[in-house]
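Using this note's numbering, the first residue of the sequence shown is number 26, and each one after it goes up by one.
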Amino acid sequence: MSMPRLRSLHRKMLRELWRLKGQLVSIGLVVATAVMTLVSMRGTYEALVRGRGEYYRDYRLGHVWASLERAPATLEGRIERIPGVASVQTRVTSYATLDLPWLDVPGQGLFVSLPVDGRAD
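Quick look at the structure:
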């Protein structure tokens, strides 16, 4: 079986591609780098999401926090009745400026109340 002869346009195209081989290699490297970046960022994102889920589960952290200035005491019971809510904990929190001798500038602390039974979960 003999090779088909190349038409003149095909030969011209091959000559042009050969002359542009440096640009073609550069474009290929840019595309390969973009794909590599996309794959690595996707893997990083999935690892972060998985790690967050494991951390929240292992340390029994809530998936939702809400800060309110004032709320009625009955709100806790209403939130507990929402389907899918495992537990509700209400706390009183307050920020305070702390003058600590080992800090050059005043620090800031967050004071969090304990539950009525006195045990922090």
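No residue lacks a Cβ here, since even glycine has one placed at the ideal position from N, Cα and C.
- Under the 8 Å Cβ criterion, the segment 128-138 counts as touching the segment 104-118, having at least three qualifying pairs.
- A Cβ-Cβ contact shorter than 7 Å links Pro131 with Asp124.
- Boundaries of the beta strand (DSSP E) harbouring Gly132: Gly132 to Val137, taken from the DSSP string.
- When DSSP assignments are scanned along the segment 91-130, the uninterrupted stretches of alpha helix (DSSP H) that are 4 or more residues long and fall wholly within it turn out to be 100-105.
- Under the three-state reduction of DSSP, Arg85 is assigned to coil, being neither helix nor strand.
- Linking Tyr84 to Tyr120 through their CA atoms gives a straight-line distance of about 24 Å.
- For Leu42, the enclosing alpha helix (DSSP H) has its first and last residue at Ser33 to Arg44.
- Under the three-state reduction of DSSP output, Arg67 falls in the helix class.
- Rounded to the nearest whole angstrom, the C-alpha separation of Gln133 and Thr122 is 5 Å.
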